[in-house]
Amino acid sequence: MARSMKKRRFSTLDGIVWATGILVYVFLLLPVLVIALSAFSPTPYPTFPPSGFSLHWFGEVFRNEAWTAALMNSIVLLLIVTPLTVLLGTTAAYALARLRFPGRGALQAFMLSPLMIPQVVLGIALLYVFTSLGWSGSLGALVIGHMIIAFPYVVRTVSVSMSNMNPRLELASQSLGAGPAETFYKITLPLIKPGIIAGAVFSAVTSFGEISISLFVSGPSTVTIPVRTFGYIEQTFDPTVNAISFLFIVVSIVALIIIEKTIGLTKVM
Amino acid sequence: MAKSIKRGKASLFQWLMLSPTLVFLLLFLLIPFILLFVLSFREVGDFSQLLPTYSISQYAEVLTTPLYVKTIWMTLWIAFVTTVICLLLAYPAAYLLVRAPSRGLRAFFYIVLISPLLTSVVIRTFAWIVLLAQNGLVNDVLESLHLINEPLQMLWNMNAVVIAYVQVMLPFAVLPIVTSLGDVDGNLRKASMSMGAGRFQTFWKVTFPLTIPGMITGAMLVFSLAAGSYITPLLVGGRLQPFLPLSIYQQMMQVYNLPMAAAMAMILLVLVFIVIGILGGVLKRWEARMHG
């Protein structure tokens, strides 16, 4: 390592690439970090660096019933959405990796399509259908909307695990007399567990932060944290939202730690 | 014989595993789009109520009204600009990530890259509102450096939208480039250098072409995200910008003209799919050329 570094002269070109690269990372990281840290400022408007340290704005969040109700809604939703999405995404990714049929590629593209379909289009399509069914504003409508958005992430992470796994292990299991279901449960499932966990984390985080669909299909009793934040920012802004931002940062750090511990960050995408 | 029965059993099991997902996607992804498509042809009365008749009048109105045509061009333009900036910034970022001299630094870059993906778009947009506001951080810094005397008006225009978009969507451009850079065989670079090519020439003639598939994949994602989001434009661009997702939002939630919203949505969908289709075609051709 040291030798190759010495041999490779550090050219101006390297300097430019590194400087630009570092600026890009600063640009990515800084905005949200600045916002989250100024949540600890005692002043009634966000300042950076904070002029003091205070938990006042966190108190505001947890004393305010509208915020705590939204937080509860978001957590309940995430707890319903994650297992359902993981179940659908895992079974689908497994079947797609093993089945051979014409149109398989098209089906795969269709499953990943919620990533590509303009969110506003997905939102109004679901709003229209849910309104016709009388489901609009219900928890069920939000569950379905979030599942559609989070589903592709699970399919992707599980597909990665499926392609890393040796299919001969399944064949061995079957030739020893295990049926397909037993083979799946005892052999495949433990081997693709990292992909499933990473998918679950992505699904949970996506659901927790989802806004594009939620804004269309949520109702007064099913306001989630991002929807309430959106409404709040539109009218006013004070450091309450900074405290919420800090909450989101904490959630994403927890998610990063879980991903790193299970599948490893570099293998996720 | 026994083998084929076994294989049949396995494939039956796999179809059973696939079926709940198929039913779910059919009910909540495919059917909503078909219904939206049908809705886009419905006619509306004077009070935006649905009439039982069908025509292409919504499409005709969108495609002939100068304001809407301008909106469509603006939407494509903003998505294009965002994609280009993302790709330009993504390359050095990906390069640093792949070539970071230590594991710790590599992990750090990765965390910085993934964490925005895990933070709600509302929060990231809020960050830009606070930073770019008249009394925001950017203006404060510029003023204390005496670069400006009066706060600049940086919010409520399309530049603010592009800045926020680039930050939100950059990871989608960086990650595929990282993947393809990581796949480049180190021996190819060594071979090129040993044949006398300089580092820049090696990069331009060997490494860069091999990462074009990653760039195209990133471009597809960024373009479709930038053309279809409405939250960020609504919050930092202002409601009056000529931007198709905003027009769709307004037709749906404020004017209550559902067929109009549906027709605009279909036009947006088709435009995005055309662009993605073209990029996909380029990708296929390029890969065919690379791998013979």
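Chains R and F supply the protein sequences, listed in that same order.
For the first sequence, the UniProt record's numbering begins at 1 and goes up steadily by one.
For the second sequence, the UniProt record's numbering begins at 1 and goes up steadily by one.
The beta carbon of each residue, even a glycine, is placed where N, CA and C say it ideally should be.
- Relative to the Cα of phenylalanine 53 (chain R), the nearest Cα in the group R:Pro83, R:Thr43 and R:Val26 belongs to R:Thr43.
- Bounds of the alpha helix (DSSP H) holding glutamate 170 (chain R) are 168-175.
- The alpha-carbon separation between phenylalanine 172 (chain F) and leucine 55 (chain R) amounts to approximately 35 Å.
- Listed by position along chain R, the residues whose Cβ is nearer than 8 Å to that of tryptophan 15 (chain F) are Ala95 and Leu99.
- In this structure alanine 97 (chain R) is not in contact with serine 173 (chain R), their Cβ atoms being roughly 16 Å apart against a cut-off of 8 Å.
- Chain order gives no chain F residues near serine 203 (chain R), where near means a beta carbon separation below 7 Å; the closest approach is about 12 Å.
- About 5 Å separates the CB atoms of isoleucine 249 (chain R) and alanine 36 (chain R); that is less than 8 Å, so the two are in contact.
- Just so you know, the alpha carbons of methionine 266 (chain F) and alanine 178 (chain R) end up roughly 49 Å apart.
- One alpha carbon belongs to leucine 84 (chain R), the other to methionine 220 (chain F), and they sit about 28 Å apart.
- Residue F:Ser120 holds the alpha-carbon nearest to the alpha-carbon of phenylalanine 246 (chain R) among F:Ser120, F:Ile278, F:Pro20 and F:Ile34.
- Your pair alanine 141 (chain R) and threonine 206 (chain R) does not check out as a contact, with CB atoms roughly 17 Å apart and the cut at 8 Å.
- Close to proline 167 (chain R), with beta-carbon spacing below 9 Å, lies no residue of chain F; the smallest spacing is near 11 Å.
- In the DSSP assignment, the residues bridged to glycine 137 (chain R) are R:Ser218.
- Here DSSP, grouped into helix, strand and coil, assigns valine 44 (chain F) to strand.
- The C-beta distance from isoleucine 211 (chain R) to leucine 122 (chain R) rounds to 12 Å, too long to fall under 8 Å, and the pair is not in contact.
- Boundaries of the alpha helix (DSSP H) around leucine 107 (chain R): 104-112.
- Put simply, the CB of threonine 157 (chain R) is far from chain F, with every gap to its CB atoms at 8 Å or more.
- Assignment of beta-bridge partners to leucine 50 (chain F) by DSSP yields F:Val44.
- CA-to-CA, the gap between glycine 8 (chain F) and threonine 90 (chain R) works out to about 21 Å.
- By alpha-carbon distance to leucine 139 (chain R), the top candidate from R:Met111, R:Val81, R:Val155 and R:Arg156 is R:Val81.
- Listed along the chain, the chain F residues whose CB falls inside 8 Å of the CB of tyrosine 185 (chain R) amount to none; the nearest CB is some 11 Å away.
- Linking serine 4 (chain F) to serine 11 (chain F) through their CA atoms gives a straight-line distance of about 10 Å.
- Glutamate 150 (chain F): not part of any alpha helix (DSSP H); DSSP gives it neither H nor E.
- Using a Cβ-Cβ distance cut-off of 8 Å, the region 155-174 of chain F and the region 124-144 of chain F are in contact, since at least three pairs of beta carbons, one from each stretch, lie closer than that value.
- The shortest C-alpha to C-alpha distance from valine 155 (chain R) to any of R:Phe208, R:Ala255, R:Phe110 and R:Val241 is the one to R:Phe110.
- DSSP, read as helix, strand or coil, puts asparagine 159 (chain F) in helix.
- Counting C-beta atoms within 10 angstroms of its own C-beta, glutamate 65 (chain R) has fewer than 16 neighbours from the protein chains shown and is therefore classed as exposed.
- DSSP, reduced to helix, strand and coil, places phenylalanine 230 (chain R) within a helical segment of the structure shown.
- About 4 Å separates the beta carbon of proline 32 (chain F) from that of valine 129 (chain R), a gap short enough to meet the 8 Å contact definition.
- Taking each of R:Ile187, R:Thr68, R:Val86 and R:Lys261 in turn and checking the Cα distance to isoleucine 225 (chain R), the smallest one comes out for R:Thr68.
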